[in-house]
């Protein structure tokens, strides 16, 4: 059985502590905790294959429910009230979620294989190349669509945004979309020709569809960015995927209209 990824768990714990300092947990949250424990035990055991499948199915249901904030007991605290970082931007508000980070904990504890460790040199190279590709595709596409403009800035709220985005957004999302979905599909398709490529594309498509509520422009841009994150994960492991995703988000936040132009 693979050694648990303690570094990622420590980072996620730091982010969860940050979220807890702003939000509140109710007793009904114990339902989610309990169901995740059941799913985790089912997935980790090796004796009953059907139970493992049911455990994964339960986790997928819980992942969707927690990501959409459907489950009770989580009072996510608002860390940034609606404001405009630049005069031409739409207002932005930020919540420190107490529900979504549970997905990251579950994935790291129940499926430590998602880490897909690589050498530091390979991780760094994959991160740099994938970030360059993602920036050209996603930020370049957003510029062409007229969704963002050049707007360098570092507002007072930037450090809080940075911590939240790294610890509670990109780490959790990459553990789910690249580690669990892409990594899991790669394991499932390992006997197929170009199975890794198919897993990468399917994970990118699912990641794109997760942005469906924001409109087709964001779906397309998220899918393009997802290809970059997927390449980072394939060649550099989970750390490279997180670095690429966070790097792109940071470039967007610090150098361009955030989250997008108004009107």
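Numbering (full-length UniProt numbering), first residue to last: 1 to 263. Backbone N, C-alpha and C define an ideal beta-carbon position, used for all residues, glycine too.
Kindly give me the distance between the Cβ atoms of residue i and residue j, rounded to whole angstroms, as I take these residues to be in contact under 8 Å.
i: residue 257; j: residue 151; result: 5 Å
i: residue 54; j: residue 42; result: 6 Å
i: residue 239; j: residue 123; result: 5 Å
i: residue 88; j: residue 262; result: 6 Å
i: residue 107; j: residue 19; result: Actually they do not touch by this definition, with Cβ atoms about 17 Å apart.
i: residue 110; j: residue 44; result: 6 Å
i: residue 101; j: residue 202; result: Rounded, the Cβ-Cβ distance is 25 Å, inconsistent with contact.
i: residue 234; j: residue 192; result: So it is not a contact: roughly 15 Å between Cβ atoms.
Tell me whether the beta-carbon of residue i lies closer than 7 Å to the beta-carbon of residue j.
i: residue 254; j: residue 241; result: no
i: residue 247; j: residue 118; result: no
i: residue 157; j: residue 80; result: yes
i: residue 76; j: residue 165; result: no
i: residue 63; j: residue 36; result: no
i: residue 85; j: residue 153; result: yes
i: residue 5; j: residue 115; result: yes
i: residue 71; j: residue 21; result: no
i: residue 147; j: residue 260; result: yes
i: residue 133; j: residue 228; result: yes
i: residue 182; j: residue 230; result: yes
i: residue 39; j: residue 68; result: no
Measuring alpha carbon to alpha carbon, tell me which of the options ends up nearest residue i.
i: residue 208; options: 178, 186, 133; result: 178
i: residue 204; options: 191, 193, 218; result: 218
i: residue 15; options: 81, 168, 140; result: 168
i: residue 56; options: 160, 185, 132; result: 185
i: residue 139; options: 200, 71, 220, 99; result: 220
i: residue 285; options: 148, 73, 66, 212; result: Given a span of 1 to 263 for the chain in the structure shown, any question on residue 285 remains unanswerable.
i: residue 225; options: 244, 148, 161; result: 244
i: residue 99; options: 28, 210, 211, 200; result: 28
i: residue 160; options: 125, 188, 78, 142; result: 78
i: residue 105; options: 211, 198, 174, 210; result: 174
i: residue 112; options: 251, 170, 8; result: 8
i: residue 216; options: 170, 141, 162; result: 141
i: residue 61; options: 91, 162, 176; result: 176
i: residue 65; options: 252, 210, 251; result: 210
The beta strand (DSSP E) with residue i in it runs from where to where?
i: residue 82; result: 77 to 83
i: residue 96; result: 92 to 96
Which residues mark the beginning and the end of the alpha helix (DSSP H) in which residue i is found?
i: residue 123; result: 120 to 134
i: residue 218; result: 216 to 255
i: residue 49; result: 49 to 67
i: residue 28; result: It is not in any alpha helix (DSSP H) - residue 28 carries neither H nor E in the DSSP assignment.
i: residue 5; result: No alpha helix (DSSP H) contains residue 5, which DSSP labels as neither H nor E.
i: residue 109; result: 101 to 110
Mind listing, in chain order, the continuous alpha helix (DSSP H) runs of no fewer than 4 residues lying wholly within the region 126 to 205? 140 to 144, 158 to 164, 171 to 174, 183 to 188
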